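Numbering (the working numbering), first residue to last: 504 to 664.
Report on one structure; see the data block that follows.
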């Protein structure tokens, strides 16, 4: 059995938060420019602001997570921070479990969260696969907890035989 999942922040509430912050700010900047509050060179601050706003928006919307579980272990990548597939063999995975979480409170928000002992990739805030491997704790959000649990059950049944 194989489990594949792709997630991005485009599918989350964060896009609406970005719009709620950016649109009023953009309107305010344009009003200041049209009324001359930026002076004669008013176009330059507006152009710089629009460039930075577009760059930040593109960066946030391009964040993604891909998880692949099979009999050999877990592979994942998270653009733009982990561009190559990282592989965790099944032999080094300990205590894998899928559980319901509050991602905003437990992991400090959505997106990649990295600390010296924990690597969390939270793209939805309902369910997460937690596991220990190589002295680190990993957490991967999922929108398909039942399918992920089926693969974990397969791992458990194969390890007992």
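All C-beta atoms, glycine included, are put in the ideal place defined by N, C-alpha and C.
For clarity, every value in this text was computed on a predicted model and none was experimentally measured.
Test item: CB-CB of residue i and residue j under 8 Å
i: residue 645; j: residue 657; result: no
i: residue 623; j: residue 595; result: no
i: residue 579; j: residue 587; result: no
i: residue 504; j: residue 653; result: yes
i: residue 613; j: residue 521; result: no
i: residue 554; j: residue 565; result: no
Residues of its chain near residue i, where Cβ-Cβ distance is below 6 Å and the 5 sequence neighbours each way are ignored
i: residue 599; result: 634, 655
i: residue 610; result: 616, 623, 625
i: residue 548; result: 541
i: residue 642; result: 623, 631, 633
i: residue 627; result: 644, 646
Beta-bridge pairing of residue i - partner residues as DSSP gives them
i: residue 635; result: 597, 640
i: residue 485; result: Only positions 504 to 664 of the chain appear in the structure, and residue 485 is not among them; the question remains open.
i: residue 614; result: 625
Nearest to residue i (by Cα), restricted to the options the options
i: residue 651; options: 582, 521, 630; result: 630
i: residue 618; options: 640, 612, 605, 627; result: 640
i: residue 512; options: 554, 541, 561, 547; result: 561
i: residue 597; options: 576, 584, 582, 585; result: 576
Proximal residues to residue i (C-beta, below 8 Å), its chain only, five neighbours per side dropped
i: residue 638; result: 620
contact_flag[the segment 506–523, the segment 569–581] where n(CB pairs < 8 Å) is 3 or more
Per the Cβ contact rule, the segment 506–523 is in contact with the segment 569–581 (3 or more Cβ pairs under 8 Å).
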